[in-house]
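Student:
Residue numbers (this note's numbering): -13 to 551.
1. Is residue 248 helix, strand or coil by DSSP?
2. Taking all protein chains shown into account, do 16 or more other C-beta atoms lie within 10 angstroms of the C-beta of residue 11, making it buried, or fewer, making it exposed?
3. Taking all protein chains shown into account, do 16 or more other C-beta atoms lie within 10 angstroms of the C-beta of residue 439, making it buried, or fewer, making it exposed?
4. Hey, out of 164, 139, 391, 317, whose CA is closest to residue 153's CA?
5. Does DSSP put residue 551 in a helix, a strand or coil?
6. What residue ranges within the segment 308 to 390 form continuous alpha helix (DSSP H) runs of no fewer than 4 residues, ordered along the chain?
7. Suppose you measure from the CA of residue 31 to the CA of residue 40; what does that come to, to the nearest Å?
8. Ends of the alpha helix (DSSP H) at residue 396?
9. Would DSSP call residue 71 helix, strand or coil?
10. Please report the straight-line C-alpha distance between residue 314 and residue 128, rounded to a whole angstrom.
11. Quick one: measure Cβ to Cβ for residue 155 and residue 525, integer angstroms, because I've assumed they're closer than 8 Å.
12. Can you tell me the Cα-Cα spacing of residue 8 and residue 112, whole angstroms?
13. So what's residue 534 in DSSP terms, helix, strand or just coil?
14. At which residue ranges does the segment 416 to 488 contain complete alpha helix (DSSP H) runs of 4 or more residues, listed in the order of the chain?
15. Check residue 116 in the structure and name its three-state DSSP category.
16. Say whether the segment 530 to 549 touches the segment 216 to 232, bearing in mind that this needs 3 or more beta-carbon pairs closer than 8 Å, one atom from each stretch.
17. Whole angstroms are fine: how far does the CA of residue 135 sit from the CA of residue 455?
18. Along the alpha helix (DSSP H) that carries residue 493, what are the first and last residues, could you check?
19. Out of 184, 55, 234, which one is the CA nearest neighbour of residue 214?
20. Once the 5 residues before and after residue 271 are set aside, which same chain residues still bring their CB inside 6 Å of it?
21. Are the beta-carbon atoms belonging to residue 49 and residue 124 less than 8 Å from one another?
22. Across the segment 503 to 513 and the segment 368 to 388, are there enough close Cβ pairs to call them in contact, namely three or more that are closer than 8 Å?
23. Once you ignore the five residues that flank residue 160 on each side, which residues in its own chain have a CB closer than 6 Å to its CB?
24. Do you know offhand how far residue 122's Cα is from residue 298's?
25. Report yes if the CB atom of residue 280 is closer than 8 Å to the CB atom of residue 62, and no otherwise.
26. In the DSSP assignment, what are the bridge partners of residue 296?
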């Protein structure tokens, strides 16, 4: 695969050629045999930027987006260990700078990248090509689904109009229904075609998802349409979801392949970042653990992905020293009991002995137990949260650029999620078919993505209750949602949306209440429903932000979105 940095270089050259074509100097430059002309430039050089700009931004928003917010809201990761810069309240308390990095520097600004690409390839554009326009429409769907599901109402219908500097904020009903129409248009434009064209118009390796396979793009459009339809189903005012679900399934989703963004192993973190670019250099602020909810769901169901997602706890000797003064003195026994009861519930092997000074010494075998860190633990209990207690992410998740080690790709859309969505549709009576078959096919695809051995997958599917839709409708829907949530590990934004949409896992959606142990934060313990807008729109488009708040509710993390459970 051509590296991302080479594609960025070619994109720059393409932009230069397009700009030159609009100047009086074009003819002079075109006489040079080594000069680029519009006929040499292809829309393919813009596809890479469109993909990485949305799913793999530079370190500044990446740290503040997935790492500080969405992965933790999803209940996949926790901060707040003993030597961490923060307790696990970070993100649950509003931080203007971190929020603006996500909203202003990433989501809102991406529209410029998408609009430029779309304008080049649409009818009448400099690089007019209906197949690339179809790709632009699908990227639009991916973008706005992420954007609106994170913030709620966002600029949409007027966002790309150069004559409108203060675009209105559209409601989610409008955004969802329009995106489904756009996806229908993209699906029709692709039809039965396999490629974007010949010669310079051949997409190929510039497409980081599918290497230019248009039928795979068509399947991605259907999977995204299915995601939108299921999420919108039953929301106030919608009348399109049932048709969207049915047509997406019948047209063909990603049934046996994945839309993944493979990681460039050498690119600068200031162009495109990965977890390891924060994990490696920033121990105190850039490390985290997998959560109690995630590790429990894997370990307690004998899920063979456990060792693929996580490392066992380091173990060894851990000191729980009793404080001599302050509010923690009265809380010490409560904190010890909470942690001890939790360790016992995991079946962990360890011993607890008095240290002779009112505290305890925990002795745990090394690299043996898989123990997730509970979410939203506060600063009062933090001194007891030794890193050696908790499971860290597997190396393939947190390997750094330029380390020579493999890095797990970003999960855009998978065959596993597609089959789980079909199983959900069947279980809800929105589609026909065998839900159990799709459910187990989904689990197999999800495990294969993490290189789980076939024999281990077979054993899980044959023996584990979690692999069978054998309960009531609600019980089966809970299993489907939980499997989808687990399969979305490393895509926190979408996993968070699953929790808000379905209410599962309930341990997350129920929130927290005991402020002796947990951070209640600005949400007063409730589960986060959205991120707040950044400071940018308040500075430049305040009237429309306020108008949006009057429709969807206050610009607070606890305001539920249109489709939320």
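Using N, Cα and C, we set each Cβ at its ideal position, and we do this for glycine too.
Tutor: Concretely, from the data shown:
1. Within the chain shown, numbered from 1, the residue matching residue 248 stands at position 262. Reduced to three states, the DSSP call for residue 248 is coil.
2. The residue you call residue 11 lines up with position 25 of the chain shown. Low confidence applies to residue 11: its pLDDT is 37, below 50, so where it sits in the model is not reliable, and the reading given next is rough at best. Exposed, since its Cβ has fewer than 16 Cβ neighbours within 10 Å.
3. On the chain shown, position 453 is the one that residue 439 refers to. The residue in question, residue 439, is exposed, as its Cβ has fewer than 16 Cβ neighbours within 10 Å.
4. Within the chain shown, numbered from 1, the residue matching residue 153 stands at position 167. Nearest of 164, 139, 391, 317 to residue 153, Cα basis: 139.
5. As a position in the chain shown, residue 551 is number 565, starting the count at 1. Residue 551 falls in the coil class under three-state DSSP.
6. 314 to 331, 381 to 384
7. Stepping through the chain shown from its first residue, residue 31 is reached at position 45. Stepping through the chain shown from its first residue, residue 40 is reached at position 54. Roughly 16 Å separates the two Cα atoms.
8. Here residue 396 corresponds to residue number 410 of the chain shown, with the count starting at 1. No alpha helix (DSSP H) contains residue 396, which is instead part of the beta strand (DSSP E) from 396 to 399.
9. For the purposes of this step, residue 71 is taken as the residue at position 85 of the chain shown. Residue 71 falls in the coil class under three-state DSSP.
10. Locating residue 314 in the chain shown gives position 328, where the first residue counts as 1. Locating residue 128 in the chain shown gives position 142, where the first residue counts as 1. Their Cα atoms are separated by approximately 47 Å.
11. The residue labelled residue 155 in the question sits at position 169 within the chain shown. The residue labelled residue 525 in the question sits at position 539 within the chain shown. Not confirmed; about 15 Å, so no contact.
12. For the purposes of this step, residue 8 is identified with residue 22 of the chain shown, where counting begins at 1. For the purposes of this step, residue 112 is identified with residue 126 of the chain shown, where counting begins at 1. The predicted position of residue 8 is uncertain, since its pLDDT is 41 and thus under 50; a value taken from the coordinates is nonetheless stated next. One C-alpha to the other measures close to 10 Å.
13. Here residue 534 corresponds to residue number 548 of the chain shown, with the count starting at 1. Helix.
14. 421 to 435, 440 to 449, 459 to 473, 478 to 488
15. Your numbering for residue 116 matches position 130 in the chain shown. Three-state DSSP puts residue 116 in a helix.
16. yes
17. Locating residue 455 in the chain shown gives position 469, where the first residue counts as 1. Locating residue 135 in the chain shown gives position 149, where the first residue counts as 1. The straight-line gap from Cα to Cα measures roughly 28 Å.
18. One-based indexing of the chain shown puts residue 493 at position 507. Where residue 493 is concerned, the enclosing alpha helix (DSSP H) stretches over 492 to 495.
19. Within the chain shown, numbered from 1, the residue matching residue 214 stands at position 228. It is 234 whose Cα lies nearest to the Cα of residue 214.
20. Mapped onto the chain shown, residue 271 falls at position 285. So the qualifying residues of the chain are 71.
21. Position 63 of the chain shown, counted from the start, is the residue given in the question as residue 49. Position 138 of the chain shown, counted from the start, is the residue given in the question as residue 124. It is not a contact, given that the beta carbons lie outside the stated cut-off.
22. no
23. Residue mapping note: residue 160 aligns to position 174 of the chain shown, counting from 1. Contacts found: none.
24. One-based indexing of the chain shown puts residue 122 at position 136. One-based indexing of the chain shown puts residue 298 at position 312. Cα-Cα distance, rounded: 43 Å.
25. What you label residue 280 is simply residue 294 of the chain shown in a count that begins at 1. What you label residue 62 is simply residue 76 of the chain shown in a count that begins at 1. For residue 280 and residue 62, yes; Cβs fall inside 8 Å.
26. Here the question's residue 296 lines up with position 310 in the chain shown. Residue 296 is bridged to 379.
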